[in-house]
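Reading through the structure tokens given below for one structure.
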């Protein structure tokens, strides 16, 4: 099954994962809902804390996700990459460090290789399972945040 990722008119904000619509706050900077799930941030508004009923915890100093619900997150030795969330391993391309797969989900990028546009899940299912929808959203969100922070550091 192929799942289309849709973006706003400017092409900068992810607005849909298949049939799951992503809505944003009034300023358009923070996601507020993924389908029927409400998205909540911490008091400072900097880190995702809940997507629906699923709590996300972070390490104290490095600001890295530690858990997503009952699943533990594993990071590379120097914490530069998220390696897995629970039983779902993340795989990256060799050159750009982009996420290419999350467990059984394979991610495809646009021609420039800058924006994910499609996800493939083996099989004939009609809907993306909730756990994979959640993980796909989180990984794409965290990757976007990481890239924005790197661009800000570059100037």
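Numbering (this note's numbering), first residue to last: 165 to 319.
Heads up, the beta-carbon is just placed ideally off N, CA and C, and yes, glycines get one too.
So if DSSP puts residue i in a beta bridge, which residue, or which two residues, is it bridged to?
i: residue 233; result: Answer is none; residue 233 lacks a bridge partner.
i: residue 169; result: 181
i: residue 271; result: 283
i: residue 248; result: 238 and 253
i: residue 174; result: According to DSSP, which records beta bridges pairwise, residue 174 is partnered with nothing at all.
The alpha helix (DSSP H) that contains residue i, what's its start and end?
i: residue 301; result: 294-318
Is it buried or exposed, residue i, if we count other Cβ atoms within 10 angstroms and call 16 or more buried?
i: residue 156; result: The first residue shown for the chain is 165 and the last is 319, placing residue 156 beyond what the model contains.
i: residue 312; result: exposed
i: residue 174; result: exposed
i: residue 263; result: buried
i: residue 229; result: buried
i: residue 184; result: buried
i: residue 182; result: buried
i: residue 251; result: exposed
i: residue 208; result: exposed
i: residue 246; result: buried
i: residue 195; result: buried
i: residue 259; result: exposed
For the beta strand (DSSP E) that contains residue i, what are its first and last residues?
i: residue 198; result: 195-198
i: residue 284; result: 280-284
i: residue 253; result: 252-256
i: residue 211; result: Looking at the DSSP string, residue 211 is not in any beta strand (DSSP E), and its letter there is neither H nor E.
i: residue 265; result: 263-266
i: residue 220; result: 218-222
i: residue 201; result: 201-205
If we cut at 8 Å on Cβ distances, does residue i have a partner in chain C?
i: residue 278; result: No chain C is part of this structure, which consists of one protein chain only.
Cβ contact (3+ pairs, closer than 8 Å) linking the region 169-176 and the region 275-293: Because the criterion of three Cβ pairs below 8 Å is met, the region 169-176 and the region 275-293 touch.
Three-pair Cβ contact test at 8 Å for the region 283-293 versus the region 197-205: The answer is no - the region 197-205 does not touch the region 283-293, with fewer than three Cβ pairs under 8 Å.
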